[in-house]
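What follows is a short report on a single structure.
Residue numbers (the UniProt record's numbering): 1 to 356.
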């Protein structure tokens, strides 16, 4: 094959293949260098020293860097039901430097991994708040993972093996998001402490839409008395098994004895709690009692159960949906947690202080 004008050195197919390979390799190296230097998950030790905020839409990728940040000595771990607990308010109430690393639909295994990574990078931990919901209180063991990708390489504590995991299109997309945040052309998704208000703007709140989501006919309902366990309540509760609490026990056992351990029964809307006197209510209360037993074994533990009928959980306007309360309600919960911890007892009808 001749040059473009039919003259000059003949270009063979081999020459073309080599040139194409060079172009491909050059492009690959440029893209790989871009991803590694931007470092969208803030995990590569030799990336550029940039002021990164978490960027990935999947918290499982965003939060390991926060967990490894030595700035923080206190932690919130759980599912989305406690994501709206604001670190700055927790710090004002309980002291310490909080990160909120609760993840959407986080399984017990995933919660244990983020706590383990947090502990691996510090000796002193002041406070850990465990968001307790039905994920922990099932009669069967939870799946290890959800449908959301979970990157074990970000949780192994070894930053030096992470660069190879960035050589893919997903990481390239996240590097673009990170660059947009760094340049100020893209809004940061999370604060540096992991907190994000994931609710729609307050101006979009519509109580009627919320009630349609809560109740079949959109009208507030009064729950009828539930069907109690067939056998007597005490025997029923004693027979219950909560497999995932062994994972929770391992998480608590890994904490320094001096760490303040707060188990927060999340205040979901009353419509999701179950009828008074029902099997569902008995199961939940027994689960919280077992958690209180775990806390008592390791000490410096506080079990505050907000999953009960109270002026918080029965008030529709406190919620966006059956599971997620509004930000002003989150602020109130933080204040009540502080009161309960400081007093060592129930100080308000909005929560039960659970003891073994």
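By construction, the Cβ of each residue, glycine as well, lies at the ideal position given by its N, Cα and C atoms. Small disclaimer: the values here were computed from a predicted structure and weren't measured.
Between residue 92 and residue 49, the alpha-carbon positions lie close to 30 Å from each other. A residue is called buried when at least 16 other Cβ atoms come within 10 angstroms of its Cβ; residue 158 does not meet this threshold and is exposed. When only Cα atoms are considered, residue 258 and residue 32 end up about 44 Å apart. Under a 10 Å Cβ-count criterion, residue 110 is classified as buried, with 16 or more other Cβ atoms of the shown protein chains found around its own Cβ.
8 Å or more divides the Cβ of residue 129 from the Cβ of residue 215. DSSP, read as helix, strand or coil, puts residue 184 in coil. Assignment of residue 316 by DSSP, reduced to helix, strand and coil, places it in the helix class. If you keep only unbroken beta strand (DSSP E) runs of at least 3 residues inside the segment 278 to 313, you get 301 to 305. Taking a C-beta distance under 8 Å as the contact criterion, residue 244 and residue 138 qualify as a contact pair. With respect to the 8 Å criterion, residue 325 and residue 291 are not classified as neighbours on the basis of their beta carbons.
In the structure shown, residue 84 falls within a coil segment according to DSSP collapsed to helix, strand and coil. Sequence-distant partners of residue 336 (beyond 5 residues in either direction) whose C-beta falls short of 7 Å from its own C-beta, in its chain, are 348, 350 and 351.
Just measuring C-alpha positions, the residue of 310, 286, 211 and 66 sitting nearest residue 354 is 286. In this structure, DSSP gives residue 26 a helical state, which the three-state scheme calls helix.
Residue 306 counts as buried, since at least 16 other C-beta atoms from the protein chains shown sit within 10 angstroms of its C-beta. Residue 112 sits in a helix when the DSSP states are folded into three classes.
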